[in-house]
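So for the sequence shown, this note's numbering puts the first residue at 47; every next one is plus one.
A virtual CB, placed ideally from N, CA and C, is assigned to each residue, including glycine.
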Amino acid sequence: MPDRRLLALGLLLWASVASATEYRSASSRAAVLYDAPNASARKLYVVNQGYPAEVLITQGDWVKLRDRSGSLAWGQKSEWGSKRTVLVNVAQLDMRSKPEAAASVVARVSRDVVLELLPMGKEAQPGWLQVRHRDGVTGWVRLADVWGA
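Here you go:
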């Protein structure tokens, strides 16, 4: 029977690796997603520039990705950059001037809109993200209202 301390250590290491989620966004105008890591594989769909996805596996020049719906597909690594974006997950999202629910609304955004994730500054609060809309408006959104962070 395995040593319980060794088993506990293994579970702890697995949990720390499992929690290190990596997200990337489509860096090309139209990133093609395939059912296998090969350009001759069946094309599943195309996503627009900025679309976020979770990276599950990197295999050579390919990445296996999961989207918000849980769908899995392969993309060419060169089409997925490190620029971070999030996808609005609610019918209407209020971008706020500060990371507070009572702060003034600077913009309203619809479901499925892509927002650029900005670095956290001094104002950062748990559960809030600073984002930029493609029109240049910046504001704060609740982490629970977006996917990809």
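Exposed unless 16 or more other CB atoms sit within 10 angstroms - verdict on residue i
i, result
"Thr131", "buried"
"Arg70", "buried"
"Met166", "exposed"
"Pro145", "buried"
Start-to-end residues for the beta strand (DSSP E) that takes in residue i
i, result
"Leu133", "Thr131 to Val134"
"Gln171", "Taken as a continuous stretch (DSSP letters only), Gln171 belongs to no beta strand (DSSP E), as it is neither H nor E."
C-beta atoms of residue i and residue j nearer than 8 Å
i, j, result
"Val177", "Leu189", "no"
"Val151", "His179", "no"
"Asp107", "Lys123", "yes"
"Val101", "Val78", "no"
"Gly194", "Leu133", "yes"
DSSP three-state assignment for residue i, whether helix, strand or coil
i, result
"Leu164", "coil"
"Ala147", "coil"
"Asp140", "strand"
"Ala190", "helix"
"Ser156", "strand"
Original post:
Taking the runs of the beta strand (DSSP E) that are 3 residues or longer, which of them lie wholly in the segment 55-120?
Top reply: 68-72, 76-80, 89-94, 98-105 and 108-112
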